[in-house]
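Only one structure is covered here, and it is reproduced in the block below.
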Amino acid sequence: MQNSRLCREGSPELELLIEKGVGIMKEEIGILEGRQGQVFEKKSGEAEQLDISCEKTSLSGSVSQRACVFCGSRVVLYPVADALHLVHGPIGCAAYTWDIRGAVSSGPELHRLSFSTDLGEMDVIYGGEKKLYLSLIELIDKYKPKAAFIYSTCIIGLIGDDIDAVCKKVSKETGIPVLPVHSEGFKGTKKDGYKAACTSLMKLVGTGSIEGISPYSINILGEFNLAGEAWIIREYYEKMGIEVVSTMTGDGRVDAVRRAHGATLNVVQCSGSMTTLAKDMEEKYGIPYMRVSYFGIEDMSKSLYDVAKHFSDRPDIMDAAKEIVSKEVAKLYPELQKFKKVLAGKKAAIYVGGAFKTFSLIKALRSIGMSVVLAGSQTGNKDDYERLREMCDEGTIIVDDSNPVELSKFVLEKEADLLIGGVKERPIAYKLGIGFCDHNHERKIPLAGFIGMYNFAKEVYQSVMSPVWQFAPRKGGKI
Amino acid sequence: MKHAKTATQNACKLCNPLGACLAFRGIEKCVPFLHGSQGCATYIRRYLISHYKEPIDIASSNFNEETAVFGGSHNLQLGLKNVTQQYKPEVIGLATTCLSETIGDDVPMILREYKKAFRNGSPMPVMIHASTPSYQGSHIDGFHAAVRATVATLAVKGAERQHTVNIFPNMISPADIRYIKEILEAFRLPNMLLPDYSKTLDGGPWGEYHRIPPGGTPASTIASAGSASASIEFGATLEAPKSAAGYLESAFGVTRHHMGLPIGVKASDRFFALVEELSGQPVPEKYEDERRRLIDAYADGHKYIFEKRAIVYGEEDLVIAMTAFLLEIGITPVLCASGGKSGLLKKKIRELVPDLDEGEIKIRDGVDFVDIEDEAKVLKPDFLIGNSKGYTMSRKNNIPLLRIGFPIHDRFGGQRLHHLGYRGTQELFDRIVNMVIEERQNASSIGYTYM
Numbered sequence: 000m001q002n003s004r005l006c007r008e009g010s011p012e013l014e015l016l017i018e019k020g021v022g023i024m025k026e027e028i029g030i031l032e033g034r035q036g037q038v039f040e041k042k043s044g045e046a047e048q049l050d051i052s053c054e055k056t057s058l059s060g061s062v063s064q065r066a067c068v069f070c071g072s073r074v075v076l077y078p079v080a081d082a083l084h085l086v087h088g089p090i091g092c093a094a095y096t097w098d099i100r101g102a103v104s105s106g107p108e109l110h111r112l113s114f115s116t117d118l119g120e121m122d123v124i125y126g127g128e129k130k131l132y133l134s135l136i137e138l139i140d141k142y143k144p145k146a147a148f149i150y151s152t153c154i155i156g157l158i159g160d161d162i163d164a165v166c167k168k169v170s171k172e173t174g175i176p177v178l179p180v181h182s183e184g185f186k187g188t189k190k191d192g193y194k195a196a197c198t199s200l201m202k203l204v205g206t207g208s209i210e211g212i213s214p215y216s217i218n219i220l221g222e223f224n225l226a227g228e229a230w231i232i233r234e235y236y237e238k239m240g241i242e243v244v245s246t247m248t249g250d251g252r253v254d255a256v257r258r259a260h261g262a263t264l265n266v267v268q269c270s271g272s273m274t275t276l277a278k279d280m281e282e283k284y285g286i287p288y289m290r291v292s293y294f295g296i297e298d299m300s301k302s303l304y305d306v307a308k309h310f311s312d313r314p315d316i317m318d319a320a321k322e323i324v325s326k327e328v329a330k331l332y333p334e335l336q337k338f339k340k341v342l343a344g345k346k347a348a349i350y351v352g353g354a355f356k357t358f359s360l361i362k363a364l365r366s367i368g369m370s371v372v373l374a375g376s377q378t379g380n381k382d383d384y385e386r387l388r389e390m391c392d393e394g395t396i397i398v399d400d401s402n403p404v405e406l407s408k409f410v411l412e413k414e415a416d417l418l419i420g421g422v423k424e425r426p427i428a429y430k431l432g433i434g435f436c437d438h439n440h441e442r443k444i445p446l447a448g449f450i451g452m453y454n455f456a457k458e459v460y461q462s463v464m465s466p467v468w469q470f471a472p473r474k475g476g477k478i
Numbered sequence: 000m001k002h003a004k005t006a007t008q009n010a011c012k013l014c015n016p017l018g019a020c021l022a023f024r025g026i027e028k029c030v031p032f033l034h035g036s037q038g039c040a041t042y043i044r045r046y047l048i049s050h051y052k053e054p055i056d057i058a059s060s061n062f063n064e065e066t067a068v069f070g071g072s073h074n075l076q077l078g079l080k081n082v083t084q085q086y087k088p089e090v091i092g093l094a095t096t097c098l099s100e101t102i103g104d105d106v107p108m109i110l111r112e113y114k115k116a117f118r119n120g121s122p123m124p125v126m127i128h129a130s131t132p133s134y135q136g137s138h139i140d141g142f143h144a145a146v147r148a149t150v151a152t153l154a155v156k157g158a159e160r161q162h163t164v165n166i167f168p169n170m171i172s173p174a175d176i177r178y179i180k181e182i183l184e185a186f187r188l189p190n191m192l193l194p195d196y197s198k199t200l201d202g203g204p205w206g207e208y209h210r211i212p213p214g215g216t217p218a219s220t221i222a223s224a225g226s227a228s229a230s231i232e233f234g235a236t237l238e239a240p241k242s243a244a245g246y247l248e249s250a251f252g253v254t255r256h257h258m259g260l261p262i263g264v265k266a267s268d269r270f271f272a273l274v275e276e277l278s279g280q281p282v283p284e285k286y287e288d289e290r291r292r293l294i295d296a297y298a299d300g301h302k303y304i305f306e307k308r309a310i311v312y313g314e315e316d317l318v319i320a321m322t323a324f325l326l327e328i329g330i331t332p333v334l335c336a337s338g339g340k341s342g343l344l345k346k347k348i349r350e351l352v353p354d355l356d357e358g359e360i361k362i363r364d365g366v367d368f369v370d371i372e373d374e375a376k377v378l379k380p381d382f383l384i385g386n387s388k389g390y391t392m393s394r395k396n397n398i399p400l401l402r403i404g405f406p407i408h409d410r411f412g413g414q415r416l417h418h419l420g421y422r423g424t425q426e427l428f429d430r431i432v433n434m435v436i437e438e439r440q441n442a443s444s445i446g447y448t449y450m
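If you're matching them up, the sequences are chains A and B in order. Using numbering that gives the first Met the number 0, read the first sequence as starting at 0 and increasing by one per residue. Using numbering that gives the first Met the number 0, read the second sequence as starting at 0 and increasing by one per residue.
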């Protein structure tokens, strides 16, 4: 108890405790051979390019925080709320993804149910096509979806089911699009799952009428409407006088996706997952795309300005964007100062799915006075990591496809006060007595948009400043 | 009502490897390892973490396309080497998946090759291999397969019988595990409880990162299971050929005492009587007191709950034990449902409740939550009892839900709920009565302050 009261960060008391070996790593944790190329520490005077190794499958036995191809497809398509999502395989894949994301819908909620062909041993031996066919007919009849996505899981390719043929047949019989998603778990990484999802979406795009769509129109890609975030973003754009044709995979609707090719610009967040679709739409329909991020004041504002710039023949759009930004920032800025005052000097570690999000988070954290000591992602590419290196302070660890052992080593060594991640990172932070912010599928409070920045700062504040950490061993508490 | 359905809608079960990972987490210095795609390990970690709120590292052999074509041997061996280096485990609990089982990997042979190749390296962890294809059974089968594989790998025949018991308590909460251990200690009965994840999945803060959380049944203790005087095994549908105690009985002649989960006074009495017999000690006064308080509470609360109608669902063994308990306190379990399909659900309930009124009480196995919801619409129960996955139908149909078992993803402290023995029954009884009282209070226009 006395220790915890004495302990202030960087205080001589703490130094003494650390010298005595209280609350620090007692054993050297190494980086696995085969992963050393995926970890990098920014040092002074290093001008050369960062040669991080990335975009490869996870090392066997390394306890990656990644999921699989199926997961990539499932997260992208999941928020299409009026479609049937049928997982073809044994029960696990469907059970673990039942109502898993906070991707909310303003209408139908078919996406929140979990459907599986639940293959058993006999199906594996004799094939699952018949079960798939019967399941589809039965479910389409019962739930009347606008379309159906059929996800292949690991063993489907192995047992030789021709799901394309079944989908075709059912589509013909039921009159709705029945789209196979080739997402066998082992056939690549989560990123390949994103691609498979985009391929399926691309089959829907272009099948609806584009009559009456404004030339000043966009699709919002890669915004999953977690906690209603897509609604916030949509409202900003609509206030600027822009028509939002489809939010694609956030409060998504089949009919909106079908007419998405009528928009004149694709605005892509979460570029890792949706760039494929944007590129395909550019190639096929000549629709340009731009990368945006809705996290933090800086990037949120830029997302509005960049779109306004694209429609430069309509200066009123830029005027409206400026008005939104100045109004929102005027409201937000004083609120943020309150958080900044107490959070200044605190250190954060970021480990999220896509690298693009880390850029925004670094800026957002800096705006509330916090520095970043670790920045990593599950699926970043070389350009992403190079940009991260440019952005980061000296001493920051940059890491690709990390694991619990490494993350723990780094957050302790770098004395992070906060970890930003998802469900699997949360217990690591809490076990070690570190604050945590869930920036993943499970969040219930919007973190995007200007209001999202306020919520983010508040959540960070509430976790980092909680008095409960005084009992944590790293702050001198008893083990 | 139409029962024949092809697709499973909102499954009331999980897959085989999840149970195996959970069981392996209850062995000291053990890393669970899944031979399959990366996603299996990650999804299962996420699912377990959301209930236990603890770090749960599960390694994966991380199949890729070549692995699926040419076999998983290379990846598995590399994975075992990496896990050994990074986690320094004493035990690796290896479970298969639908993928590795479908391509037909010969895991025992791969393990032999691996041991040969790395023989001269540093001390090698013990490898336990459980066959857990996701297309067979459900999570509970994986749990039992892992426990059985563990004793089959580790237990040896001792020089002479020891005055110890093995206890295989089934898939219960960390709080239940602590309670069972406490009881056996109070009877001064030396014991080996497996799997013991009471600490690994409900432990204290860490000053440093533990590759493997402290706690769990030590491999050396499991080794002595072959020379114990008896085994106690919970789980009405768990049959000897699939169980750890069954293995020990046939391999080493350790007597298997098999019973359902001890929930309710009658079932708990049977458990305490058995421990009394095996230990040669009378029931310690504190448990007699627990029982007295429970009987007293039954009297105090009986009128609130008499002839209330409940739907109970979950793993078959939990449903069977809960059904007997509910009938013991005057609640009618109008539907006893499970996603499991051992074929024994009805039979075992009938054994426990010989005068079962099948007109009043429906028993269904192999169901999903849409089946249960369809039944609920007709049966109109007063409440649901089961894991948190029933929340969707609870909310939609405005039927209160009492959360028990696993998983509990939408409430805090699921790992600390008691279900077993007098203490667990007391907790369940209090919660049920309070749920009914709260409903009545909320529904009353008067706002009674005494209920």
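Ideal placement from N, C-alpha and C gives every residue a C-beta, glycine not left out.
Top-ranked residue by Cα proximity to B/I109, from B/T83, B/L401, B/L317, B/S72: Here residue 109 of chain B is taken as the residue at index 110 of the second sequence, counted from 1. Ranked by how close their Cα comes to the Cα of B/I109, the residues B/T83, B/L401, B/L317, B/S72 have B/S72 in first place.
Neighbour flag for A/S151 against chain B, beta carbons, 7 Å: What you label residue 151 of chain A is simply residue 152 of the first sequence in a count that begins at 1. Not closer than 7 Å to any Cβ of chain B, the Cβ of A/S151 fails to qualify, so no.
Length-filtered (3 minimum) beta strand (DSSP E) runs lying within the region 228-315 of chain B: As summarised for the region 228-315 of chain B, the continuous beta strand (DSSP E) elements at least 3 residues long and confined to that stretch are 229-233, 254-258, 308-312, given in chain order.
When A/V398, A/D400, A/A428, A/M317 are compared against A/L411, the one with the closest alpha-carbon: Locating residue 411 of chain A in the first sequence gives position 412, where the first residue counts as 1. Among A/V398, A/D400, A/A428, A/M317, the Cα nearest to that of A/L411 belongs to A/A428.
Reduced DSSP secondary structure (H/G/I, E/B, other) of A/G448: The count along the first sequence starts at 1 and reaches residue 448 of chain A at position 449. In this structure, A/G448 counts as helix in the three-state DSSP scheme.
Bridge partner(s) assigned by DSSP for A/E40: Within the first sequence, residue 40 of chain A is the residue found at index 41, counting from 1. Partner(s): A/I396.
Supposed contact pair B/V432 and B/G300 - C-beta distance, whole angstroms, cut 8 Å: As a first step, residue 300 of chain B must be located in the second sequence, where it is residue number 301. As a first step, residue 432 of chain B must be located in the second sequence, where it is residue number 433. So it is a contact: roughly 4 Å between Cβ atoms.
Beta strand (DSSP E) segment containing B/R363, residue limits: For the purposes of this step, residue 363 of chain B is identified with residue 364 of the second sequence, where counting begins at 1. Bounds of the beta strand (DSSP E) holding B/R363 are 361-363.
A/C70: contacting residues in chain B (beta-carbon distance under 8 Å): As a working note, residue 70 of chain A is residue 71 in the first sequence. The answer, in chain order, is G38, T41, Y42.
Exposed unless 16 or more other CB atoms sit within 10 angstroms - verdict on B/N397: In the second sequence, residue 397 of chain B corresponds to position 398, counting from 1. Exposed, by the Cβ-count rule.
Alpha-carbon to alpha-carbon, A/I212 and B/G202: Here residue 202 of chain B is taken as the residue at index 203 of the second sequence, counted from 1. Here residue 212 of chain A is taken as the residue at index 213 of the first sequence, counted from 1. For the pair B/G202 and A/I212, the Cα-to-Cα distance works out to about 58 Å.
Cutoff 7 Å: A/C166 Cβ touching any chain B Cβ: Taking the first residue of the first sequence as 1, we reach residue 166 of chain A at position 167. Not a single CB atom of chain B sits nearer than 7 Å to the CB of A/C166.
C-beta atoms of A/V371 and A/H438 nearer than 7 Å: Start at 1 with the first residue of the first sequence, and residue 371 of chain A comes out as number 372. Start at 1 with the first residue of the first sequence, and residue 438 of chain A comes out as number 439. Taking 7 Å as the Cβ cut-off, A/V371 and A/H438 do not qualify as a contacting pair.
According to DSSP, residues forming a beta bridge with A/Y350: Counting from 1 along the first sequence, the entry for residue 350 of chain A is found at position 351. Its beta-bridge partners are A/G375.
Touch test, the region 21-36 of chain B against the region 377-394 of chain B, Cβ-Cβ under 8 Å, three pairs minimum: Contact annotation: the region 21-36 of chain B does not touch the region 377-394 of chain B, with fewer than three C-beta pairs closer than 8 Å.
Own chain residues within Cβ distance below 8 Å of A/A226, not counting five before or after: Here the question's residue 226 of chain A lines up with position 227 in the first sequence. Cβ neighbours of A/A226 within its own chain (closer than 8 Å, five residues either side excluded): G101, V103, R442, K443, I444, P445, L446.
Between the CA atoms of A/G119 and A/I479 - distance to the nearest angstrom: The requested residue 479 of chain A is not part of the displayed model; chain A covers only 0 to 478.
Proximity below 7 Å, CB of B/K52 to CB of A/P426: One-based indexing of the second sequence puts residue 52 of chain B at position 53. One-based indexing of the first sequence puts residue 426 of chain A at position 427. Cβ distance < 7 Å, so B/K52 and A/P426 count as in contact.
Reduced DSSP secondary structure (H/G/I, E/B, other) of A/D140: For this step, residue 140 of chain A is matched to residue 141 along the first sequence. In the three-state reduction of the DSSP assignment, A/D140 falls in the helix class, which pools H, G and I.
Neighbour flag for B/I176 against chain E, beta carbons, 7 Å: In summary, chain E is missing from the structure at hand, where the protein chains are A and B.
Residue interval of the alpha helix (DSSP H) (run including B/R422): Taking the second sequence and counting its residues from 1, one reaches residue 422 of chain B at position 423. Here the alpha helix (DSSP H) through B/R422 covers 420-442.
Pairwise C-alpha distance: B/F305 and B/T391: Position 392 of the second sequence holds residue 391 of chain B. Position 306 of the second sequence holds residue 305 of chain B. Just so you know, the alpha carbons of B/T391 and B/F305 end up roughly 27 Å apart.
Cα-Cα separation between A/A82 and B/F405, rounded to whole angstroms: As a first step, residue 82 of chain A must be located in the first sequence, where it is residue number 83. As a first step, residue 405 of chain B must be located in the second sequence, where it is residue number 406. Those two C-alpha atoms are separated by around 30 Å.
Same chain, Cβ closer than 7 Å to A/S462, five either side skipped, listed in chain order: Numbered from its first residue, the first sequence carries residue 462 of chain A at position 463. Cβ-Cβ distances below 7 Å link A/S462 to L417, G434, F435, C436 in the same chain, with the five nearest sequence neighbours on each side left out; the list follows chain order.
Beta-carbon proximity of B/T236 to B/D364, cut-off 7 Å: Working through the second sequence from its first residue, we reach residue 236 of chain B at position 237. Working through the second sequence from its first residue, we reach residue 364 of chain B at position 365. Inclusion of B/T236 and B/D364 in the CB contact set at 7 Å is not warranted, their separation being larger than that value.
Assumed close pair A/P89, B/C14 - CB separation to whole angstroms, cut-off 8 Å: In the first sequence, the residue the question calls residue 89 of chain A occupies position 90. In the second sequence, the residue the question calls residue 14 of chain B occupies position 15. That pair is a contact at about 6 Å.
Local conformation of B/N169 per DSSP, three classes: Numbered from 1 along the second sequence, position 170 holds the residue referred to as residue 169 of chain B. Coil at B/N169, not helix or strand.
Three CB pairs or more closer than 8 Å across the region 219-238 of chain B and the region 247-264 of chain B: Judged by pairs of C-beta atoms under 8 Å, the region 219-238 of chain B touches the region 247-264 of chain B, as three or more such pairs exist.
Classification of A/K408 by the beta-carbon crowding that lies within 10 angstroms, buried from 16 upward: Looking up residue 408 of chain A in the first sequence gives position 409. When all chains shown are included, A/K408 counts as buried.
CB contact below 7 Å: A/L31 versus chain B: Here residue 31 of chain A is taken as the residue at index 32 of the first sequence, counted from 1. For A/L31, the answer is yes, since a Cβ of chain B falls inside 7 Å of its Cβ.
Any C-beta of chain A under 7 Å from that of B/Y312: Taking the first residue of the second sequence as 1, we reach residue 312 of chain B at position 313. Taking Cβ atoms only, chain A never reaches closer than 7 Å to B/Y312, which makes this a no.
Reduced DSSP category for B/Q8 - H, G, I as helix; E, B as strand; rest coil: Sequence index remark: in the second sequence, residue 8 of chain B carries index 9 (1-based). When DSSP states are grouped into helix, strand and coil, B/Q8 belongs to the strand group.
Exposure label - B/I445; buried when at least 16 CB within 10 Å: As a first step, residue 445 of chain B is located in the second sequence; it is residue number 446 there, counting from the start. Exposed: under 16 other Cβ atoms inside 10 Å.
Selection from B/V435, B/L400, B/G420, B/Q440 that minimises the alpha carbon distance to B/K487: The structure shown does not extend to residue 487 of chain B, since chain B spans only 0 to 450, so no value can be given for it.
Backbone CA spacing between B/R439 and A/T275 [nearest angstrom]: Taking the first residue of the second sequence as position 1, residue 439 of chain B is located at position 440. Taking the first residue of the first sequence as position 1, residue 275 of chain A is located at position 276. Taking the straight line from one Cα to the other gives about 56 Å.
Span of the alpha helix (DSSP H), counted from its first residue to its last, around A/C70: The residue you call residue 70 of chain A lines up with position 71 of the first sequence. First-last of the alpha helix (DSSP H) with A/C70: 68-76.
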